[in-house]
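The numbering used here puts the first residue of the sequence shown at 3, with every later residue one more than the last.
Okay, structure first, notes after.
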Amino acid sequence: MPAIQITRTDAPKPKPDMNSLGFGKYFSDHMFLLDYDPQNGWHDARIQPYGPLSLDPASMVLHYGQEVFEGLKAYRAADGRTLLFRPIENIRRMNRSNERLRIATVDEPLFLEAMKTLVRTDIDWVPTLPDTSLYIRPFVIATDPFLGVRASETYKLLIILSPVGAYYPEGMDPVSILIETEDVRAVKGGTGETKTGGNYAATIRAQDRAKKKGYTQVLWLDGVHRRFIEEVGTMNVFFVLDGTVVTPPLEGSILPGVTRDSAIRLLKGWGVPVEERRLAIDELTDAAAAGRLNEAFGTGTAAVISPIGQFNVNDTLIPVCGGQTGPLAQRLYDELTAIQWGRKPDTHGWTQEV
Ligand SMILES: *Cc1c(COP(=O)(O)O)cnc(C)c1O
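See below:
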């Protein structure tokens, strides 16, 4: 594995107020870079002071969106260790995204070492207040200066770090969800199962409409039948129907979340029945009408578990769990966060020290 060159900043930034970090607003002192060209493969691994990039205006990423990204967190444990949660899953998912976007894949050990070395370099940016963490954002961009549509021959992989606040400073807060009936997020054969920027650009309009009507997120339906539930905002979605947990299957248009997979494994380990199957919106409304919809929640790295308090389906409001956080959502949140912050023994081998 090539050595990572480290150039330290001689002007460290003042740290933000750790009590009001929010999400994705502040960036640490350093960033990781790696270059790709066909002759040298991925090369020139380096950490340097955080700062603007110089890019040719014809860089392909700026025109055709050939890019992928990832998101995971580093957690400061009470005993001083800094832990990553299932980082290899993010690395493998990024390489699957790369393959879909015709971007060269990255050597797994080098990628892991890059994340760990960067976090160690900026270790004083890992916040220590309860439930705060350091968000890690790796991404790859196509850099050929060329205006034709084809795969770029050159790329840059970067990793940046952002200290982020407690998602639920006042306890878990169930959200209101609007079912999106006009726009679609993804279809099979498209790029819905990859983390590529274009997927998110296409969702902003629906997101804005939902916000204007007073909803936190949209619930995405499948793009063909406009009937089957896919995801909620940028989270995977789970329902508890008569004590059975149901979540849509990974059939090509849904992002395979690491939190989704972890939740399924925990639930099965607790003996809770879990079904990965299609769930039509009318099955959901029927179940709610019959009093069989016990809980609903989203899963993702940022919020971990996001309980859903109500749905708006064609202007009919469907309350869930009396607008409260359900017991399974709470138990999953407590268990996952206890493992992530090292408060509980990690019997699954999910955490790694940086
Ligand atoms: C990142 C993401 C998720 C959640 O994935 P995690 O690995 O759990 O963070 C779900 N849906 C979409 C669309 C995403 O981009």
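For glycine and all other residues, C-beta sits at the position ideal for the given N, C-alpha and C.
Checklist entry - When DSSP labels each residue in this structure, what does W44 get in the three-state scheme? => result The three-state secondary structure of W44, taken from DSSP, is strand.
Checklist entry - Taking contact to mean at least 3 C-beta pairs separated by less than 8 Å, is the region 155 to 170 in contact with the region 24 to 38? => result yes
Checklist entry - For ligand 1, is there a heavy atom less than 7 Å away from the beta-carbon of K75? => result no
Item to check | Spatial distance of K270 from E278 (CA atoms) | outcome: 12 Å
Next on the checklist: Can you check which of these residues, R345, K15, E355, is closest to A80 by C-alpha distance?
Outcome noted: Nearest option by C-alpha distance: R345.
Checklist entry - In terms of DSSP beta bridges, what is V70 paired with? => result V142
Checklist entry - Could you give the C-beta distance for L252 and E195, rounded to a whole number, given that I count them as a contact under 8 Å? => result Confirmed, about 7 Å.
Checklist entry - When DSSP labels each residue in this structure, what does R187 get in the three-state scheme? => result It is coil, neither helix nor strand.
Next on the checklist: Between R187 and chain C, is the shortest Cβ-Cβ distance under 8 Å, so that the two count as touching?
Outcome noted: The displayed structure is made up of one protein chain only, and chain C is not part of it.
Item to check | Residue environment, K215, which counts as buried when at least 16 other CB atoms sit within 10 Å | outcome: Counting Cβ neighbours within 10 Å, K215 comes out exposed, since fewer than 16 surround it.
Item to check | Whole-Å CB distance - L1 paired with F241, under 8 Å assumed | outcome: Residue numbering for the chain in the displayed model covers 3 to 356; residue 1 lies beyond these limits and cannot be assessed.
Checklist entry - Hey, out of A340, A304, F299, whose CA is closest to G328's CA? => result F299
Next on the checklist: Three or more C-beta pairs under 8 Å: does that hold for the region 119 to 133 against the region 57 to 70?
Outcome noted: no
Checklist entry - Are the beta-carbon atoms belonging to P14 and D31 less than 8 Å from one another? => result yes
Next on the checklist: Do T339 and T301 have their beta-carbon atoms positioned less than 8 Å apart in this structure?
Outcome noted: no
Item to check | Neighbourhood of F113 by C-beta, 6 Å cutoff - its chain only, sequence neighbours within 5 removed | outcome: I93
Item to check | Element boundaries [alpha helix (DSSP H), containing S99] | outcome: 89 to 102
Checklist entry - Less than 7 Å between the CB of G225 and some heavy atom of ligand 1, yes or no? => result no
Item to check | Assigned secondary structure, N238 (DSSP; H/G/I helix, E/B strand, else coil) | outcome: strand
Item to check | Alpha carbon of G150 to alpha carbon of Y157, nearest angstrom | outcome: Distance between the alpha carbons of G150 and Y157: 16 Å.
Next on the checklist: Given the structure, does G26 come close to ligand 1, in the sense that its CB is under 7 Å from one of the ligand's heavy atoms?
Outcome noted: No, the beta carbon of G26 sits no closer than 7 Å to any heavy atom of ligand 1.
Item to check | N-terminal and C-terminal residue of the beta strand (DSSP E) that T353 is part of | outcome: 353 to 355
Item to check | Reduced DSSP secondary structure (H/G/I, E/B, other) of R262 | outcome: R262: helix per DSSP, three-state reduction.
Checklist entry - Going by other Cβ atoms of all chains shown within 10 Å of its Cβ, with 16 needed for buried, is A5 buried or exposed? => result exposed
Checklist entry - Around the C-beta of P40, are 16 or more other C-beta atoms found within 10 angstroms, so that it is buried, or is it exposed? => result exposed
Item to check | Between the CA atoms of M174 and E115 - distance to the nearest angstrom | outcome: 34 Å
Checklist entry - Rounded to a whole number of angstroms, what is the C-alpha to C-alpha distance between A76 and L286? => result 36 Å
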